[in-house]
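Sequence order for the protein chains is A and B.
Read in order, the letters of the first sequence correspond to residues 1 to 128 in UniProt numbering.
Read in order, the letters of the second sequence correspond to residues 1 to 326 in UniProt numbering.
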Amino acid sequence: MAEAALCWVLRAARQVLPLSCPRQVRSYYVDWRMLRDVKRRKMAYEHADERLRINAIRKNSILPKELQEVADKEIAALPRDSCPVRIRNRCVLTSRPRGVKRRWRLSRIVFRHFADHAQMSGVQRAMW
Amino acid sequence: KDKSAASKDSTPEGAAERQEDGAETPKQQLLDIIGNMKVEVSYRKKLQKLKASENKKQAMNKLEGPDSEGSVPQGITENTQRDKPLNPELVKAASAVASSLPHDKKQAESELLAQLRRHEETTDKLKKGETVNIRNVISEMTVKRQSSAQWGAKLSGRISLQFDEDGQRIRPERSSAQSMDSRRSLKVGKRLNIFTKASTEPEHALKTVSSPTIWDLEFAKEVAAVTAQPPRNGFEEMIQWTKEGILWEFPIDNEVGMEDDAEFHEHIFLEKHLEGFPKEGPIRHFMELVICGLSKNPYLSVKQKVEHIEWFQKYFEEKKELLQEI
């Protein structure tokens with residue numbers, strides 16, 4: 001009787017363990033700009049639904065214009081970082097803002113480095 | 001037993017010696033006679049040992065009868081057999097039997113006591129119903145007796161595949177096998193509970209126990225931390241990652257985490273959610289467009305769509321005063 005209860009507790013503990021056990025997860029982003037970009041992405045994700053709905057009211061030819069003006073003011077009142085336009089697709093490894101290929105999320109220099117060392121699957125030097 | 005084995009090994013040697021030395025001194029002959037006597041005595045000892053072991057088994061069987069009833073209240077609480085002392089009657093019987101044996105009385109007694117302990121272990125396990133008694137399993141099985149003709153037919157069938165006109169293999173043996181099995185029906189006999197779970201009564205008893213205390217949780221955490229050894233190889237690492245959720249399960253299931261139990265009509269016919277809105281006017285028009293768009297959206301779950309519509313409802317209710325001015 002006691003053993004079965006203990007078994008149940010063990011099972012629960014094994015599931016809980018990864019959360020409660022304080023594994024030292026203190027990672028650094030490449031630089032502060034990357035950190036800010038990460039924060040903007042998180043905020044944009046949180047407010048995405050709201051923005052979509054308020055925009056649906058705004059970009060409308062059916063609803064009265066007063067309603068649309070109110071919606072304009074509302075969307076402007078949202079935090080600035082919540083708009084997706086502010087997100088910049090930076091390189092994941094070097095945080096370079098320009099020359100980033102979307103498929104690999106890497107800047108051109110890093111991409112070239114890995115491709116030359118044959119660490120990019122399916123990527124080959126072009127020759128024709 | 002070792003001494004008897006050694007003496008038995010020496011008997012062929014002694015016989016060879018006797019045959020080689022035909023004309024011996026009388027002293028040698030005397031020694032040979034003594035050697036013969038030793039052999040005979042050891043053989044007698046072995047017979048005695050066999051008889052003693054039979055007697056011991058009979059005694060234990062006799063004693064097990066009255067003892068099993070006595071040890072039932074003892075054996076319920078815990079599983080540790082070393083702590084539980086053997087029944088004193090059994091111990092006395094074991095010592096008596098050991099004393100009757102010719103030599104190595106202490107060793108024999110310890111062996112007997114060890115056997116007794118093992119017997120009690122098995123009886124306890126059987127009472128708790130944990131182990132599967134092989135007797136129960138075998139009792140229902142019977143040896144299939146096939147005539148040699150059938151056996152020959154089976155062999156020939158395997159070697160040469162007989163094809164029908166359609167190209168399908170002739171299988172005459174199947175019907176015979178099924179008829180043989182139907183004689184012994186499947187549901188006759190005691191349930192062994194090998195594949196199905198045991199009765200649910202102990203589970204009900206468990207639920208009445210109060211939730212485990214903090215100390216239990218701590219102990220459980222300690223045990224889990226100790227038993228969670230670092231992975232020995234890449235496979236174990238991948239297993240660990242899969243359990244944590246870092247690695248997907250293969251073959252890849254595209255619908256992991258997406259449990260949409262709703263039918264298609266719940267996705268498409270969303271007009272029933274439009275009851276909170278006015279029946280005419282631009283808002284209704286707008287909401288009908290919204291619903292049309294949602295019905296064509298395969299990426300959202302029904303819950304998300306309903307939330308979408310409810311958000312609009314709340315929004316328009318807040319703006320009611322504004323709308324009435326217009």
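All residues carry an ideal CB built from backbone N, CA and C; glycine is no exception.
Quantities reported herein were computed from a predicted structural model and do not represent experimental measurements.
Give a yes or no on whether the minimum CB-CB distance between residue i and chain B is below 8 angstroms.
| i | result |
| --- | --- |
| ILE62/A | yes |
| GLU46/A | no |
| VAL70/A | yes |
| LEU67/A | yes |
| ARG51/A | no |
| SER121/A | no |
Have a look at the DSSP bridge pairing and note the partners of residue i.
| i | result |
| --- | --- |
| ALA100/A | One point to set straight first is that residue 100/A is Val, not Ala, in the sequence displayed. For VAL100/A, which the question treats as bridged, DSSP gives the partners SER107/A. |
Between the Cα of residue i and those of the options, spot the shortest distance and give me the residue it belongs to.
| i | options | result |
| --- | --- | --- |
| ASP49/A | GLU318/B, PHE312/B, GLU317/B and GLU321/B | PHE312/B |
| PHE277/B | HIS267/B, GLU288/B, ILE268/B and PHE269/B | GLU288/B |
| ARG284/B | PHE316/B, PHE219/B, LYS27/B and PRO212/B | PHE316/B |
| ILE57/A | ILE75/A, GLN124/A and GLY99/A | ILE75/A |
| residue 331/B | THR122/B, THR123/B and LEU300/B | Given a span of 1 to 326 for chain B in the structure shown, any question on residue 331/B remains unanswerable. |
| LEU323/B | ARG33/A, LYS65/A and ARG41/A | LYS65/A |
| ARG53/A | ILE326/B, GLU325/B, HIS308/B and GLU321/B | HIS308/B |
| ARG96/A | SER121/A, ARG33/A, HIS47/A and ARG41/A | ARG33/A |
| GLY257/B | HIS265/B, PHE264/B, GLY245/B and GLY281/B | GLY245/B |
| PRO84/A | LEU35/A, ARG125/A, GLU46/A and VAL123/A | GLU46/A |
| LEU78/A | ASN55/A, ARG98/A, ASN60/A and SER61/A | ASN55/A |
| GLU109/B | THR122/B, CYS292/B and LYS92/B | LYS92/B |
Since I believe residue j is in contact with residue i (beta carbons under 8 angstroms), could you give me their beta-carbon distance rounded to a whole number of angstroms?
| i | j | result |
| --- | --- | --- |
| ARG112/A | VAL92/A | Not quite, the Cβ-Cβ distance comes to about 15 angstroms (not below 8 angstroms), so this is no contact. |
| LYS319/B | LEU67/A | 7 angstroms |
| ARG80/A | ASP37/A | Between ASP37/A and ARG80/A the Cβ distance is about 14 angstroms, and since that is not below 8 angstroms, they are no contact. |
| ALA94/B | LEU112/B | 4 angstroms |
| ALA44/A | SER82/A | 6 angstroms |
| ARG40/A | ARG86/A | 5 angstroms |
By the 10 Å Cβ neighbour count, where 16 or more other Cβ atoms means buried, how is residue i classified, buried or exposed?
| i | result |
| --- | --- |
| ALA114/B | exposed |
| GLU249/B | exposed |
| GLU120/B | buried |
| VAL100/A | buried |
| ASP124/B | buried |
| ALA262/B | exposed |
| LYS305/B | buried |
| ALA225/B | exposed |
| SER27/A | exposed |
| SER107/A | buried |
| VAL188/B | exposed |
| PHE264/B | exposed |
| LEU50/B | exposed |
Indicate whether at least one CB of chain A lies closer than 8 angstroms to the CB of residue i.
| i | result |
| --- | --- |
| HIS273/B | no |
| TRP311/B | yes |
| LEU300/B | no |
| residue 327/B | Here chain B covers residues 1 to 326 and nothing more, so residue 327/B does not appear. |
| LEU294/B | no |
| PHE250/B | no |
| PHE277/B | no |
| PRO282/B | yes |
| ILE326/B | yes |
| LEU322/B | yes |
| PHE286/B | yes |
Could you confirm whether any beta carbon from chain D is found closer than 8 angstroms to the beta carbon of residue i?
| i | result |
| --- | --- |
| LYS106/B | The structure shown contains no chain D; its protein chains are A and B. |
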